[in-house]
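Below is one structure, written out as structure tokens; the observations come after it.
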Amino acid sequence: MKIFEKNDFLTITKIQSDPVISIYVKTSRKSTNAYKEDILELKNQIKDIKTNLENSWELDRR
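What follows is the structure, encoded as structure tokens:
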């Protein structure tokens with residue numbers, strides 16, 4: 077997996093669109109039990125974001 081670097085961040089900060097979404101999640105080493113919690117946290121955040129977008133932007137629910 078590629079490491080997210082400063083240039084990657086600078087590239088995405090230049091994107092202009094409606095809506096633009098950034099998801100920041102703390103991560104743990106894959107070898108720890110916390111890794112499974114990280115996966116669940118990401119899934120929950122994506123679900124919440126999807127719901128908010130559908131409501132705010134009147135998007136079709138798929």
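For the working numbering, count along the sequence shown from 1 and bump the result up by 76.
C-beta: ideal position from N, C-alpha, C; glycine also.
Remember, predicted model here, so these are calculated numbers, not experimental data.
Exercise. By how many angstroms is the C-alpha of Lys-78 removed from the C-alpha of Glu-113?
Worked result: In a straight line, the C-alpha of Glu-113 is about 22 Å away from that of Lys-78.
Exercise. By how many angstroms is the C-alpha of Asp-84 removed from the C-alpha of Val-101?
Worked result: Between the C-alpha atoms of Val-101 and Asp-84 there is a straight-line separation of about 17 Å.
Problem set entry | Candidates Ser-107, Val-96 and Arg-105, of which the one nearest Asn-128 by Cα | Out of Ser-107, Val-96 and Arg-105, Val-96 has the C-alpha closest to the C-alpha of Asn-128.
Problem set entry | Cβ-based neighbour list, Lys-90, same chain, cut-off 6 Å, excluding 5 preceding and 5 following | Here the set comprises nothing.
Exercise. Of the choices Glu-134, Thr-108, Gln-121 and Lys-82, whose alpha-carbon is the least far from that of Ser-98?
Worked result: Distances from the CA of Ser-98 to each of Glu-134, Thr-108, Gln-121 and Lys-82 were compared; the closest alpha carbon is that of Gln-121.
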